[in-house]
Structures are given as C-alpha cells and as structure tokens.
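Just below is one structure, and these are the notes that go with it.
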Amino acid sequence: MSLPLLPGRTCGGCVECCRVIPLKLPELAKPTGELCAYCVDGAGCSVHEIRPNTCRIWFCLWRVVELSDDWRPDRSGVIVRPDGVEDGVITLYVLRRSDFLASPEFFVTVAGWVAEGIEVALSIPGPVGTYPARAVVTDWLRPAIEDGDTDAFTTRVLMSLDTLAEHDFQPDGIVARYAVTPSGSQPI
Numbered sequence: 001m002s003l004p005l006l007p008g009r010t011c012g013g014c015v016e017c018c019r020v021i022p023l024k025l026p027e028l029a030k031p032t033g034e035l036c037a038y039c040v041d042g043a044g045c046s047v048h049e050i051r052p053n054t055c056r057i058w059f060c061l062w063r064v065v066e067l068s069d070d071w072r073p074d075r076s077g078v079i080v081r082p083d084g085v086e087d088g089v090i091t092l093y094v095l096r097r098s099d100f101l102a103s104p105e106f107f108v109t110v111a112g113w114v115a116e117g118i119e120v121a122l123s124i125p126g127p128v129g130t131y132p133a134r135a136v137v138t139d140w141l142r143p144a145i146e147d148g149d150t151d152a153f154t155t156r157v158l159m160s161l162d163t164l165a166e167h168d169f170q171p172d173g174i175v176a177r178y179a180v181t182p183s184g185s186q187p188i
C-alpha cells in the first residue's frame, strides 16, 4: 500500500526504516533490525535512484499524516507504522525509550486516535534477525486517557513495553543478500 505523502516532508537524516524493516526480495534481503548495507547512517540510501520498489513505496506515517517534527522516528524513537491502518490500527513501533513517550504531545495524539475509534498497538524490536513483538493496547490505555491522567498513561505505556520485552522473539530466517544493480552492471 502506498499512501500520499505530505508535501515538503522528507526523511532528512532519518534512516530508521532502513534498519528495522525486513526485506526478502530477489535483489535485496536483510534481516529485521540490521541496517541495510546500502544505507549511509544519518544520510540515506546510497542506491536511492535504483532502490527496489518496496523501498520506494514504504513510508512511516510521519511522512503521511500531520504529526510534528518531534514525531520523526530518529528524534522520537517511535516509528508510526502504516501496516494495519487499513484495518483501523496504528502501530507505534518503539525503537527506544525516550522522553517523547512521556510528552504531552505523545499523550494528546494517542488520546485523539483512541477518541476517533482507532486501535493503538505498541511494538518493540527484538534482537537483529527476529520479528518484533506487538500488542494492541487500546483498552489498557483507555482508562488513563479518559481520566486525562498523563502519568498513568505513561506508566501503562512503559508497562506494556516491559511486557513486550519478555516476548519469545521468533527468527525471521532472512539471510542478508545485496544485489541491487542498475541494468547491466555488477552488484554493488
């Protein structure tokens, strides 16, 4: 699924999707959590002009919906994933715990989604080469949201992340393979 991007919003130095997204394509395979070998950390894709279609169409929701710059994944530590949106679920993939998780902006945004009837899931990465853990937490967060209790909300978010960290992470089975090439040339 390709979503329309916000005009003027670019990834900048954020390369989090190049790290966390697993790829198993004929021309490119990389395990979950491994920075793509074509990615220059903090700068972006070194094969941008010839990158696979999957890389061309996958964008986090920070590029799609009106969220402040504080939500940019490399700043917030959170990727707002697009998968599940068509089913009314927003997945907050928490790359690392940061002060952003306790910010008023995080609370207000998540509370707004819940008020609109959108389910909210939290997800965390496992070790490199494993699928992430994920759980829908809407009902768990709802009492704190309805009470406007930001401290209780933050506590529930952090408790959810602790529980997810106990998950039995499953291997993704992907072996790294880098063969993206412009037509007629050797693999990079």
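Be aware that the sequence shown starts at 1, since it is given in UniProt numbering, and climbs by one per residue. Positions of the beta carbon are idealized from the N, C-alpha and C atoms, including for glycine. Keep in mind that this is a model prediction, so the values were computed, not measured.
In the structure shown, GLY13 falls within a coil segment according to DSSP collapsed to helix, strand and coil. DSSP places GLU119 inside the beta strand (DSSP E), whose first and last residues are 119-124. When the five nearest sequence neighbours on each side are left out, the beta carbons in the same chain lying within less than 7 Å of the beta carbon of ARG9 are those of ARG63, in order along the chain.
Rounded to whole angstroms, the gap between the alpha carbons of ASP139 and PRO125 is 22 Å. In the structure shown, LEU95 falls within a coil segment according to DSSP collapsed to helix, strand and coil. Scanning LEU92, SER68 and CYS55 for the CA closest to the CA of LEU25 turns up CYS55. Bridge pairing for THR130: PRO171 [DSSP]. Taking C-alpha positions only, ILE21 is separated from ALA152 by approximately 31 Å. Rounded to the nearest whole angstrom, the C-alpha separation of VAL85 and LEU3 is 10 Å. In the three-state scheme derived from DSSP, where H, G and I count as helix and E and B as strand, ALA176 is classed as coil. Counting along the chain, the unbroken alpha helix (DSSP H) around ARG56 starts and ends at 53-57. Burial check for VAL157: the Cβ neighbour count within 10 Å reaches 16 or more, so the residue is buried. Taken through DSSP and simplified to helix, strand or coil, LEU35 comes out as coil.
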